[in-house]
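Each residue of the sequence shown is one higher than the one before, counting from -7 in my numbering. First up is the structure itself, then whatever we jot down about it.
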Amino acid sequence: MKLSTRGRYGLRALIDLAVHETDGAVSAQSIAQRQNISESYLEQLIRKLKQDGLVDSVRGAGGGYRLAKPAEEISVGSVLRSLEGNLDAVECPAIEGNPCDGADACVTKFVWKRINDAISQAVDGIMISELAEESRALLEKQQDRQEPAEKRTC
């Protein structure tokens, strides 16, 4: 399974929204700048995420975007499925019980099912809140490294 820029950039955008959720609504321009993503491409991704109930928009002065539900309730899997569609590594009709030539004698369908289940379990088990927390910690480390030596405390 290989993710496109849609999934990778969309995930980065949602993490950015979670990291900056205390700032209120976040503009697409600020997300695009921080994440080094084209603003027009980002708008397309956000439109799809909004359609699937993961992002809300806020109009007017101070408008922008925010998470539609708590970051603890949004899995990486839900973001990737919204933007990428089916995440199965292998599409095998026999897994779903659909007709397939040779399905009765095919044992590889069990391999494909286990791989697909493992992918789903992995991405559904990681929440945006966890990634936002990791992102905040990395940002703090970067800021600490940039602080002048005389201002550092140990």
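We put the beta carbon where it would ideally sit given N, CA and C, even for glycine.
The three-state reading of DSSP puts Arg128 in helix, counting H, G and I together. Note that the C-beta distance between Ser121 and Glu64 is below 8 Å.
Contact holds between the stretch 67 to 80 and the stretch 109 to 125, because three or more Cβ pairs, one in each stretch, are under 8 Å apart.
Here the alpha carbon of Arg39 sits roughly 15 Å from the alpha carbon of Arg4.
At the C-beta level, Ser74 and Asp109 stay beyond 8 Å of one another.
Apart from the 5 residues on each side of it in sequence, Ser19 sits with its Cβ closer than 7 Å to the Cβ of Gly56 in its chain, given in chain order. Assigned with DSSP and collapsed to three states, Leu3 falls in helix. For the options Ala60, Ile111, Pro85 and Gly52, the alpha carbon positioned closest to that of Leu72 is the one of Ile111.
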